[in-house]
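Mapping to our numbering: the sequence shown position 87 is 183, numbers consecutive. The structure under discussion appears below in the form of structure tokens.
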Amino acid sequence: MANRRHGGLVLARGGESGSWVMIYTPGNLPPVKKIAERYPGLNLIIDHMGIPRDTKDEEAFRHIGELCEFARFSNVAVKASALPCYSSESYPYPKLHPYVKRAYDAFGPNGCSGVPISPSALRLFPFQDPVH
């Protein structure tokens, strides 16, 4: 994305090829929104729920409303990984539960992942269906 001269071409071609892009912009979701709008054929996964680095608990999830707005895009999924790093509590990390639930409620089982898999894989193997 830093190379504006060729970045648009790369994203457009990625969308044409059915590629997926995992993107991590900690605490800076507006550029992701612009990409999702401009390239609706490009599947994006917001990594680590877009949580800003070196934050915990409420501070880490101040952007949860902004993140959940991405659920309106059919080409955007969210990956909830490394969440214990953003909690001051020990297992089962009760302060995280409301935020994970809010994201899950917004994106649904086919738009949320706890592992790095693509939106197409999520559509093939929704969380409610076991994979044998």
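For every residue, glycine included, the Cβ atom is placed at its ideal position computed from N, Cα and C.
DSSP places residue 173 in the uninterrupted beta strand (DSSP E) bounded by 172–175. DSSP links residue 117 through a beta bridge to 140. If you ignore the 5 residues before and after residue 129, its C-beta comes within less than 6 Å of no other C-beta in its own chain. About 6 Å separates the beta carbon of residue 171 from that of residue 140, a gap short enough to meet the 8 Å contact definition.
For residue 159, no alpha helix (DSSP H) segment is defined, and its DSSP state is neither H nor E. Excluding its 5 nearest sequence neighbours in each direction, residue 121 has C-beta neighbours in its own chain below 7 Å: 127, 128, 146, listed in chain order. The Cβ-Cβ distance between residue 182 and residue 156 falls below 7 Å. Residue pairing by DSSP leaves residue 186 without any beta bridge partner. Take the alpha-carbon of residue 149 and the one of residue 134: they are about 27 Å apart. Counting only the Cα atoms, residue 185 lies some 39 Å from residue 137. In this structure, residue 167 and residue 123 do not form a Cβ contact; the two beta carbons are roughly 19 Å apart against a cut-off of 8 Å.
As DSSP reads the structure, residue 208 sits in a beta bridge with 174. Our two residues, residue 173 and residue 144, have alpha carbons roughly 11 Å apart in a direct line.
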